[in-house]
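Student: Below is one structure. I have some questions about it.
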Amino acid sequence: MPKKTQTVRVMGELKEFVRDIVVKVSVNVTAELSEDTPKLTGWAASNWIPRIGQRTDMPFGDKLSVSEAAKLLGLSEVLASYALPQTVHVTNPVYYIETLNSGSSKKAPAFFVETAIAKTIKSVV
Numbered sequence: 004m005p006k007k008t009q010t011v012r013v014m015g016e017l018k019e020f021v022r023d024i025v026v027k028v029s030v031n032v033t034a035e036l037s038e039d040t041p042k043l044t045g046w047a048a049s050n051w052i053p054r055i056g057q058r059t060d061m062p063f064g065d066k067l068s069v070s071e072a073a074k075l076l077g078l079s080e081v082l083a084s085y086a087l088p089q090t091v092h093v094t095n096p097v098y099y100i101e102t103l104n105s106g107s108s109k110k111a112p113a114f115f116v117e118t119a120i121a122k123t124i125k126s127v128v
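Encoded structure:
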């Protein structure tokens, strides 16, 4: 096999490997963050929304009308459409998410977001 052909094949395999890692981290971190977010109404937990190329700036639903639709749509997009060199942003636009992450709830320790991300990366890589 000529070197150029072999290089193209190896680069293609590497690109696919990295793509799979990004998708796996995106999906798993979304699930981990949703699970670890303290729940009173479930609104904050339902608003961990993955998106390709940009962050989510507006929350979906409200405390009285909690829905997983935006999260599920984001996950579907990442699974079906992600390609390098795009970025995936898993964000939570609920106004009190930073307060929760600072330890305001007895249901989760401070910095549960950072802990969930680190845990996910360790499990995937």
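Residue 4 is where the sequence shown starts when you use my numbering, and the numbers rise one by one after that.
C-beta atoms are modelled at their ideal positions from N, C-alpha and C, and glycine is treated no differently.
Could you give the first and the last residue of the continuous alpha helix (DSSP H) run that contains arginine 54?
Tutor: Taking the first residue of the sequence shown as position 1, residue 54 is located at position 51. First-last for arginine 54: 52-55, but that is the beta strand (DSSP E), not the alpha helix (DSSP H).
Student: Answer with yes or no whether the minimum CB distance from threonine 33 to chain C is below 8 Å.
Tutor: Among the chains of the structure shown, chain C does not appear; only one protein chain is present.
Student: DSSP puts serine 68 in a beta bridge; with which residues?
Tutor: Along the sequence shown, read from residue 1 onward, the residue named residue 68 stands at position 65. Serine 68 is bridged to Asp65.
Student: Tell me which residue opens and which closes the alpha helix (DSSP H) that threonine 118 is part of.
Tutor: On the sequence shown, position 115 is the one that residue 118 refers to. 115-127 is the span of the alpha helix (DSSP H), which, as asked, contains threonine 118.
Student: Alpha carbons only, please: which of Pro96, Val26 and Asp39 is nearest the one belonging to isoleucine 52?
Tutor: What you label residue 52 is simply residue 49 of the sequence shown in a count that begins at 1. Of the candidates Pro96, Val26 and Asp39, the one whose C-alpha sits nearest the C-alpha of isoleucine 52 is Pro96.
Student: Between Thr10, Glu19, Lys66 and Ala48, which lies nearest to tyrosine 85 when the distance is taken from Cα to Cα?
Tutor: On the sequence shown, residue 85 is found 82 positions in, with the first residue counted as 1. Closest by alpha carbon: Glu19.
Student: Considering just the uninterrupted stretch of the beta strand (DSSP E) at threonine 94, what are its terminal residues?
Tutor: Here residue 94 corresponds to residue number 91 of the sequence shown, with the count starting at 1. 91-94 is the extent of the beta strand (DSSP E) around threonine 94.
Student: Rounded to the nearest angstrom, how far is the Cβ of proline 63 from that of alanine 73, given a contact under 8 Å?
Tutor: Taking the first residue of the sequence shown as 1, we reach residue 63 at position 60. Taking the first residue of the sequence shown as 1, we reach residue 73 at position 70. Sequence inspection shows phenylalanine at residue 63; the proline mentioned does not correspond to that position. Indeed, because the Cβ distance is near 4 Å, the residues count as touching under 8 Å.
Student: Quick one: residues in its chain with C-beta nearer than 7 Å to the C-beta of arginine 58, no 5 flanking neighbours on either side, listed in chain order?
Tutor: Numbered from 1 along the sequence shown, position 55 holds the residue referred to as residue 58. Excluding positions up to five away in sequence, the list reads His92 and Thr94.
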